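Engineer:
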Amino acid sequence: FLFDMNTPYQYAEVLKDGTFAENREEGSFIWENAYDPDSGINEYELTLFIKEEMHFCRFQETHYQRSYTLQTIRRLLEEAGLEFIACYDGYTSKPLQPDSGRMLIVAREREKKGE
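Just add 101 to the spot in the sequence shown (first one is 1) and you have our numbering.
#1: Between which two residues does the alpha helix (DSSP H) carrying Q172 extend?
#2: Buried or exposed, going by whether 16 or more other CB atoms sit within 10 Å of the CB of M155?
#3: Answer yes or no: does any C-beta atom of chain B fall closer than 9 Å to that of R209?
#4: For Y136, does the three-state DSSP call read helix, strand or coil?
#5: Please go through the same chain and pick out, in chain order, the residues whose beta-carbon is closer than 7 Å to the beta-carbon of L171, but skip the five residues on each side of it.
#6: Assign T108 to one of two classes, buried (16 or more other C-beta atoms within 10 Å of its C-beta) or exposed (fewer than that).
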């Protein structure tokens with residue numbers, strides 16, 4: 102089982118309470134981020150301007166993400182009956198670092214006794 106996620110460092114130090122915008126050929130977006138380290142909740146308002154024929158349509162979304170430490174992820178995997186195998190710094194073969202922005206987790210189903 103492979104999955105990736107933002108690290109607490111990414112939320113607290115990179116995204117924090119920042120505003121990000123990007124202009125592309127097919128549309129543009131404004132990302133307004135707010136991170137609460139006490140609750141571990143990252144909330145962001147996303148405003149999209151999508152090109153449709155001769156004009157742009159505006160869409161708004163609100164997203165919530167929760168920050169988890171590697172220790173918490175390991176505990177949750179164990180509770181779910183999975184075995185933690187490894188954690189990497191993003192999509193590299195390097196170990197997770199204190200300033201890693203993403204973590205890639207590798208886990209597998211625990212062997213069942215009697216099989």
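Here a beta-carbon is modelled for each residue, glycine too, at the ideal position from N, C-alpha and C. Predicted, not measured: the structure shown is a model, and the values here were computed from it.
Structural biologist: Once the coordinates are examined:
#1: 171-180
#2: With fewer than 16 other Cβ atoms within 10 Å, it is exposed.
#3: Of the protein chains in this structure there is only one, and it is not chain B.
#4: strand
#5: C188, L197, M204
#6: buried
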